[in-house]
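Note sheet for the following structure.
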Amino acid sequence: MITARFKTQLRRHSPVIYSGASGDFHSIHTVEEFTVQAGLGGVIAYGMLTMAFVGQI
Numbered sequence: 000m001i002t003a004r005f006k007t008q009l010r011r012h013s014p015v016i017y018s019g020a021s022g023d024f025h026s027i028h029t030v031e032e033f034t035v036q037a038g039l040g041g042v043i044a045y046g047m048l049t050m051a052f053v054g055q056i
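Structure representation (structure tokens):
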């Protein structure tokens, strides 16, 4: 098994902050109520935000 530690953590506000940097303000990434109504379990992190965390390994 491979484990890794990240320098920072993905927190609830991380996608909101990232939306300002990326210019992508789609509700699926920032509004919990929207995603629940869409049948999802919660907000979906941006792919590039996720890759930024992976890049820290």
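Once you know that position 3 of the sequence shown is 2 in numbering that gives the first Met the number 0, the rest is easy, because the numbers rise by one and skip nothing. Idealized CB from N, CA, C, for every residue including glycine.
Within the same chain, show all residues whose beta-carbon is closer than 7 Å to that of Gly41, passing over the 5 residues directly before and after it, in chain order.
Against the sequence shown, residue 41 aligns to sequence position 42. So the list reads Glu31, Thr34, once near-sequence residues are dropped.
Integer Cβ distance of Thr29 from Ser18, believed to fall under 8 Å:
Counting from 1 along the sequence shown, the entry for residue 29 is found at position 30. Counting from 1 along the sequence shown, the entry for residue 18 is found at position 19. Confirmed, about 6 Å.
Between which two residues does the alpha helix (DSSP H) carrying Tyr17 extend?
Indexing the sequence shown from 1 puts residue 17 at position 18. That run of the alpha helix (DSSP H) goes 13–21.
What is the rounded straight-line gap between the Cα of Ala37 and the Cα of Thr7?
Reading the sequence shown from its first residue, position 38 is the one you call residue 37. Reading the sequence shown from its first residue, position 8 is the one you call residue 7. Near 29 Å, if we compare the C-alpha coordinates of Thr7 and Ala37.
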